[in-house]
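Visitor: Okay, handing you the structure first.
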Amino acid sequence: MIKLLIADDEPKILRGLKKSLDWEEWNIDIVGEAEDGEMALEMAIQLQPDILFLDINMPFLNGLKLIEKLNIELPSAVVIVISGYDEFSYAQEAIRLGIFQYLLKPVNTEELRKTVTAAVQLLEERKKENHYISWINEKLDKNSHLIQQTFLSHWMKGKLTENEIQEHVAYLNMNLHDTWIFAAKPMIKVAEGKKAETWDQNLLYYTLQNFMEELLSNCESMVVFNDDYKQIIAFVPCFSTDQIHSLGPQLDEMFERHTGKNIFFAKRAFKLNQNMPELYQDICEEISSQSKIVPVVLLAKKYIERNYYRQDLTLLEVAEEVRVSPTYLSRLLKEELGSSFIDYLTRVRIENAIEYMGNPVYKMYEVAEKVGYSTQHYFSTAFKKVIGVSPSAYAKRWE
């Protein structure tokens with residue numbers, strides 16, 4: 012039922028208002044009567060009425076002050092002022108405070124009926140509107156993941172203006188500071204053994220996406236989806252350096268163990284001042300370039316990238332893993348990657364070292380150990396050969 016509270020310091024007026032209309036006609040229940048403003052405020056907070064009849068001139072707390080407090084405590088209540096003051100200033104102030112109607116005593120029954128009818132209609136409209144808003148919010152909550160995916164997909168393709176990007180980020184409450192973007196794709200034509208031949212292509216993509224989501228399940232804000240190029244894209248904020256390095260190898264190993272196939276994989280760190288479409292294009296180009304490499308080199312490359320941190324990794328071990336001779340693999344690496352085994356391994360190690368160096372938690376000797384060097388001196392020599400400056404000089408960029 013609709014709850015009505017009447018506040019007036021004249022008992023005669025209170026009785027008259029109660030008897031003036033058949034309140035059941037509007038499904039209205041008179042839940043309380045107050046004879047002063049303070050009592051009216053206390054009862055309103057306790058009873059939460061939908062409609063209030065208020066007099067302007069009441070003891071302790073006059074009607075205008077009461078309305079100001081009610082606007083804070085019960086902002087959705089319909090306030091109808093019934094006053095003996097026929098002064099424009101009172102009516103003007105009451106209207107300014109957002110009242111629904113200002114009626115003068117003695118109240119005309121027909122005018123009161125029209126006012127109550129309009130107030131009930133307003134409450135019903137609000138109820139429908141609130142129900143619709145609740146329904147919309149429920150749908151948005153259920154589909155928030157899909158909304159995020161659509162937003163990120165359009166952003167990566169450059170389909171959004173700067174204002175639209177900011178609005179979406181604010182609405183979705185997304186933390187895009189220190190975000191990592193990962194991309195993965197099954198190697199459809201590269202397989203180990205007969206196991207992979209039975210896999211449906213769509214099922215491979217579905218499996219890869221599930222594995223990606225599983226590995227990222229501890230990160231609450233992550234979003235994983237399939238883009239138009241059938242790449243599994245993941246946006247992951249606040250990822251630790253060790254997790255960043257381990258995701259690709261873990262995903263590759265998990266996928267190979269279950270399907271017999273490997274994956275293409277690329278990752279990029281994203282800052283808010285970067286160009287998202289440009290960064291996404293860079294990721295796509297890296298995945299595409301990987302797909303053009305001959306299968307044996309691709310498998311060797313993956314093995315190196317998965318085991319680069321091991322100090323004892325050798326060309327012989329990699330060659331045995333991909334089932335070719337060391338001499339043949341060495342020649343293929345030179346032809347496909349433009350590097351010898353040692354040069355490529357060094358490059359992979361230094362690229363990963365640079366990512367570790369961006370985290371102030373790690374000392375330089377710890378970075379060296381993490382990327383496969385037994386001493387900091389050996390690491391510094393290799394770093395300078397690839398980058399052109401020493402690790403300490405390079406690290407000053409973060410200071």
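Counting in my numbering, the final residue of the sequence shown is number 410, and the numbers go up one at a time with none missing.
Where is the CB? At the ideal position from N, CA and C, for every residue including glycine.
From Lys374 to Tyr405, what does the alpha carbon distance come to, in whole angstroms?
Guide: Taking the sequence shown and counting its residues from 1, the one referred to as residue 374 is at position 363. Taking the sequence shown and counting its residues from 1, the one referred to as residue 405 is at position 394. Cα to Cα, Lys374 sits roughly 14 angstroms from Tyr405.
Visitor: Quick check on the burial criterion: 16 or more other C-beta atoms within 10 angstroms. Buried or exposed for Arg360?
Guide: Residue 360 sits at position 349 when you count from the first residue of the sequence shown. Its Cβ being crowded by 16 or more others within 10 Å, Arg360 is buried.
Visitor: Applying the criterion that 16 or more other CB atoms from any shown protein chain within 10 Å of the CB defines a buried residue, is Met198 buried or exposed?
Guide: For this step, residue 198 is matched to residue 187 along the sequence shown. Met198 comes out buried.
Visitor: May I have a chain-ordered list of the alpha helix (DSSP H) segments no shorter than 4 residues that lie completely inside the segment 205-282?
Guide: As far as the segment 205-282 is concerned, its whole alpha helix (DSSP H) runs of at least 4 residues are 212-226 and 252-270.
Visitor: Assuming Ala277 and Ala181 make a contact with CB atoms under 8 angstroms, what is their CB distance in whole Å?
Guide: Reading the sequence shown from its first residue, position 266 is the one you call residue 277. Reading the sequence shown from its first residue, position 170 is the one you call residue 181. Not a contact, Cβ separation roughly 29 angstroms.
Visitor: Taking the alpha-carbon positions, what's the Glu3 to Glu289 distance?
Guide: The chain is shown only over 12 to 410; residue 3 falls outside these bounds and no answer can be derived.
Visitor: Could you check what DSSP says for Val335 in three-state terms: helix, strand or coil?
Guide: Within the sequence shown, numbered from 1, the residue matching residue 335 stands at position 324. In this structure, Val335 counts as coil in the three-state DSSP scheme.
Visitor: Among the candidates Asp189, Asn229, Leu262 and Ile192, whose CA atom is the shortest distance from the CA of Leu219?
Guide: Here the question's residue 219 lines up with position 208 in the sequence shown. It is Leu262 whose Cα lies nearest to the Cα of Leu219.
Visitor: By alpha-carbon positions, which one of Ile365, Val333 and Leu356 ends up nearest to Asn273?
Guide: Taking the sequence shown and counting its residues from 1, the one referred to as residue 273 is at position 262. Answer by Cα proximity: Val333.
Visitor: Helix, strand or coil for Val400 per DSSP?
Guide: Here residue 400 refers to the residue found at position 389 when the sequence shown is read from its first residue. Residue state, collapsed to three classes: coil.
Visitor: Can you list, in chain order, the residues of its chain with a C-beta nearer than 7 angstroms to that of Val42? Leave out the 5 residues immediately preceding and following it.
Guide: Counting from 1 along the sequence shown, the entry for residue 42 is found at position 31. If we look at Val42 and ignore the five residues flanking it on each side, its Cβ neighbours are Lys14, Leu15, Leu16, Leu58 and Pro60.
Visitor: Give me the Cα-Cα distance between Met233 and Ile244, rounded to the nearest whole angstrom.
Guide: Within the sequence shown, the letter at position 222 stands for residue 233. Within the sequence shown, the letter at position 233 stands for residue 244. Met233 and Ile244: Cα-Cα distance of roughly 10 angstroms.
Visitor: Under 8 angstroms, do Arg342 and Ser350 count as touching if we go by C-beta distance?
Guide: Working through the sequence shown from its first residue, we reach residue 342 at position 331. Working through the sequence shown from its first residue, we reach residue 350 at position 339. Contact flag unset, no.
Visitor: Quick one, which of Cys295, Ile106, Ser87 and Gly74 has its alpha-carbon nearest Asn237's?
Guide: As a first step, residue 237 must be located in the sequence shown, where it is residue number 226. Of Cys295, Ile106, Ser87 and Gly74, the residue nearest in Cα terms is Cys295.
Visitor: Determine the DSSP secondary structure at Gln322, reduced to helix, strand or coil.
Guide: Numbered from 1 along the sequence shown, position 311 holds the residue referred to as residue 322. Here Gln322 sits in coil by DSSP.
Visitor: State yes or no: is the C-beta of Tyr314 within less than 8 angstroms of the C-beta of Val329?
Guide: Taking the first residue of the sequence shown as 1, we reach residue 314 at position 303. Taking the first residue of the sequence shown as 1, we reach residue 329 at position 318. Cβ distance < 8 angstroms, so Tyr314 and Val329 count as in contact.
Visitor: Helix, strand or coil: which one does DSSP assign to Asp293?
Guide: Numbered from its first residue, the sequence shown carries residue 293 at position 282. It is helical.
Visitor: Taking the straight line between their C-alpha atoms, what separation do you get for Glu203 and Leu215?
Guide: Residue mapping note: residue 203 aligns to position 192 of the sequence shown, counting from 1. Residue mapping note: residue 215 aligns to position 204 of the sequence shown, counting from 1. Note on Glu203: pLDDT 45, under 50, position unreliable in the model; the coordinate value appears next. For Glu203 and Leu215, the distance between alpha carbons rounds to 15 angstroms.
Visitor: Run through DSSP, which three-state label would Tyr101 get?
Guide: Stepping through the sequence shown from its first residue, residue 101 is reached at position 90. Reduced to three states, the DSSP call for Tyr101 is helix.
Visitor: Is it buried or exposed, Leu157, if we count other Cβ atoms within 10 angstroms and call 16 or more buried?
Guide: Taking the first residue of the sequence shown as position 1, residue 157 is located at position 146. Answer is exposed; the Cβ neighbour count stays below 16.
Visitor: Does the segment 295-309 come within contact of the segment 251-268, defined as at least 3 CB pairs closer than 8 angstroms?
Guide: With a cut-off of 8 angstroms, the segment 251-268 and the segment 295-309 do not count as touching, because too few Cβ pairs lie within range.
Visitor: Can you round the beta-carbon distance between Leu187 and Leu283 to whole angstroms, since I take them to be within the 8 angstroms contact cut?
Guide: Taking the sequence shown and counting its residues from 1, one reaches residue 187 at position 176. Taking the sequence shown and counting its residues from 1, one reaches residue 283 at position 272. So it is a contact: roughly 6 angstroms between Cβ atoms.
Visitor: So is Asn119 buried or exposed if we call it buried at 16+ other beta carbons inside 10 Å?
Guide: Here residue 119 corresponds to residue number 108 of the sequence shown, with the count starting at 1. By the neighbour-count rule (16 or more Cβ atoms within 10 Å), Asn119 is not buried but exposed.
Visitor: I'd like to check one pair, Val92 with Leu81: are the Cβ atoms closer than 8 angstroms?
Guide: Counting from 1 along the sequence shown, the entry for residue 81 is found at position 70. Counting from 1 along the sequence shown, the entry for residue 92 is found at position 81. No, Cβ-Cβ distance for Leu81 and Val92 is not below 8 angstroms.
Visitor: Grab me the residues of Leu171's own chain with a C-beta within less than 6 angstroms of its C-beta, minus the 5 sequence neighbours each way, in chain order.
Guide: Along the sequence shown, read from residue 1 onward, the residue named residue 171 stands at position 160. Closer than 6 angstroms at Cβ, skipping near neighbours: His165.
Visitor: Find the nearest neighbour of Lys76 within the set Ser87, Gly95 and Asp47, judged by alpha-carbon distance.
Guide: By one-based count along the sequence shown, residue 76 stands at place 65. Of the listed residues, the one whose Cα sits closest to Lys76 is Asp47.
Visitor: Under three-state DSSP, which class holds Leu114?
Guide: Here the question's residue 114 lines up with position 103 in the sequence shown. Looking at Leu114 - three-state DSSP - the assignment turns out to be strand.
Visitor: Applying the 10 Å Cβ sphere with the 16-neighbour rule, what's the burial state of Tyr355?
Guide: Taking the first residue of the sequence shown as position 1, residue 355 is located at position 344. Buried: at least 16 other Cβ atoms inside 10 Å.
Visitor: Less than 8 angstroms between the CB atoms is what I'm expecting for Leu326 and Pro337, so what's the real figure, rounded?
Guide: Translated into the one-based positions of the sequence shown, residue 326 becomes position 315. Translated into the one-based positions of the sequence shown, residue 337 becomes position 326. Indeed, because the Cβ distance is near 5 angstroms, the residues count as touching under 8 angstroms.
Visitor: Do the CB positions of Leu108 and Thr126 come within less than 8 angstroms of each other?
Guide: By 1-based counting over the sequence shown, the position of residue 108 is 97. By 1-based counting over the sequence shown, the position of residue 126 is 115. No; because the gap between Cβ atoms is not below 8 angstroms, this pair is not in contact.
Visitor: Determine the contact status of Tyr320 and Val397, defining contact as a CB-CB distance below 8 angstroms.
Guide: Here residue 320 refers to the residue found at position 309 of the sequence shown. Here residue 397 refers to the residue found at position 386 of the sequence shown. No, Cβ-Cβ distance for Tyr320 and Val397 is not below 8 angstroms.
Visitor: Going by DSSP, what residues sit across from Val92 in a beta bridge?
Guide: Position 81 of the sequence shown, counted from the first residue, corresponds to residue 92. Answer by DSSP bridge pairing, in chain order: Leu65 and Tyr113.
Visitor: Would you mind reading off the limits of the beta strand (DSSP E) that contains Ile13?
Guide: Counting from one through the sequence shown, the residue named residue 13 turns up at place 2. Start and end: Ile13 to Ala18.
Visitor: What residue from Ile56, Ile67 and Asp66 has the CA that sits closest to Ile83's CA?
Guide: Here residue 83 refers to the residue found at position 72 of the sequence shown. When only C-alpha atoms are compared, the closest one is Ile56.
Visitor: Using the three-state DSSP reduction, which class does Gly43 fall into: helix, strand or coil?
Guide: Indexing the sequence shown from 1 puts residue 43 at position 32. Strand, per DSSP.
Visitor: Hey, out of Phe390, Leu134, Gly95 and Lys241, whose CA is closest to Phe111's CA?
Guide: Here residue 111 refers to the residue found at position 100 when the sequence shown is read from its first residue. Cα-wise, what sits closest to Phe111 is Leu134.
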